[in-house]
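Structure, as structure tokens:
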Amino acid sequence: MSTHVLFLFLVAAALSFGGSAHAQPVPPPVVGDISVDRNDATPLEEVRKLIAAGRTKQALASADEHLAKNPRNAQMRFVRGVILSDMNDTAAARLVFEQLTEDFPELPEPYNNLAVLYAADGQLDRARGALEMALLARPDYATAHENMGDVYLQMAADAYQRAATLQPANRAVSSKLALTREMVTKARNPR
111 MSTHVLFLFL VAAALSFGGS AHAQPVPPPV VGDISVDRND ATPLEEVRKL IAAGRTKQAL
171 ASADEHLAKN PRNAQMRFVR GVILSDMNDT AAARLVFEQL TEDFPELPEP YNNLAVLYAA
231 DGQLDRARGA LEMALLARPD YATAHENMGD VYLQMAADAY QRAATLQPAN RAVSSKLALT
291 REMVTKARNP R
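Each residue of the sequence shown is one higher than the last, beginning at 111 in our numbering.
Pasting the structure below:
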């Protein structure tokens, strides 16, 4: 799964104009055989192989099993949040990412993925806040910068829509709204 797909899907489904943004997915492993030999694979590799094989429920069970023994494993907790997002259990995924930001505030990825979920739910101010935290943690985090742009673009489209509703004859607002909608459409469908 590309970093573009999850956030793009969530925002497009939840917001009136959509917009692209990126969640940090589980990086795909190099997988030859989908069977998992517990003696050869680390728990994280095992979960990644299960995800790559499309065995999401097993991946979640394996992550939970590992986390029962190692509850502070930030990587496994993050992967668990991504799995829950992929399973459309956004409430549980949000809780995982929120807890990660509390326990590991120096990690930008949980803030980014939390922003994905907030934006998909139409909570653009909260998404912006989470992205600001991601960028405080890592100022060179390009994905978070792009997501911030997408959030601002959606906020602009929403503001122009409200202005157009209040002043339907205002050509400048109508023009800006049309331009913003076009930008959102292009961001949603690159190339």
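Positions of the beta carbon are idealized from the N, C-alpha and C atoms, including for glycine.
Residue i by DSSP, collapsed to three states: which one?
| i | result |
| --- | --- |
| Met-197 | coil |
| Leu-217 | coil |
| Ala-306 | Residue 306 falls outside the range modelled here, since the chain spans only 111 to 301, and no answer is possible. |
| Asp-250 | coil |
| Thr-152 | coil |
| Leu-182 | Per the sequence shown, residue 182 should be read as Arg rather than Leu. Three-state DSSP puts Arg-182 in coil, outside helix and strand. |
| Gly-191 | helix |
| Gln-233 | coil |
| Ala-225 | helix |
| Ile-144 | Caution is warranted here: a pLDDT of 32 is assigned to Ile-144, below 50, making its placement in the model unreliable, and the coordinate value is therefore given only provisionally. Three-state result, Ile-144: coil. |
| Ala-203 | helix |
| Ala-133 | coil |
If you count every other CB in all the chains shown that lies within 10 Å of the CB of residue i, and 16 or more means buried, which is it?
| i | result |
| --- | --- |
| Gln-264 | buried |
| Ser-285 | exposed |
| Arg-182 | exposed |
| Glu-219 | buried |
| Arg-204 | buried |
| Glu-156 | buried |
| Gly-164 | exposed |
| Leu-287 | buried |
| Thr-290 | buried |
Give a yes or no on whether the C-beta atoms belonging to residue i and residue j are separated by under 8 Å.
| i | j | result |
| --- | --- | --- |
| Met-197 | Thr-166 | yes |
| Arg-187 | Leu-210 | yes |
| Ser-172 | Ala-133 | no |
| Asp-230 | Ala-244 | According to the sequence provided, residue 230 is Ala. The question's Asp does not apply to it. Cβ atoms of Ala-230 and Ala-244: not closer than 8 Å. |
| Pro-215 | Ala-184 | no |
| Tyr-270 | Val-261 | no |
So is the beta-carbon of residue i under 7 Å away from any non-hydrogen atom of the ligand HEM?
| i | result |
| --- | --- |
| Leu-170 | You won't find the ligand HEM in this model; it holds no ligand whatsoever. |
_Residue ranges of each alpha helix (DSSP H) within the region 236-285, 4 or longer_ = 252-276
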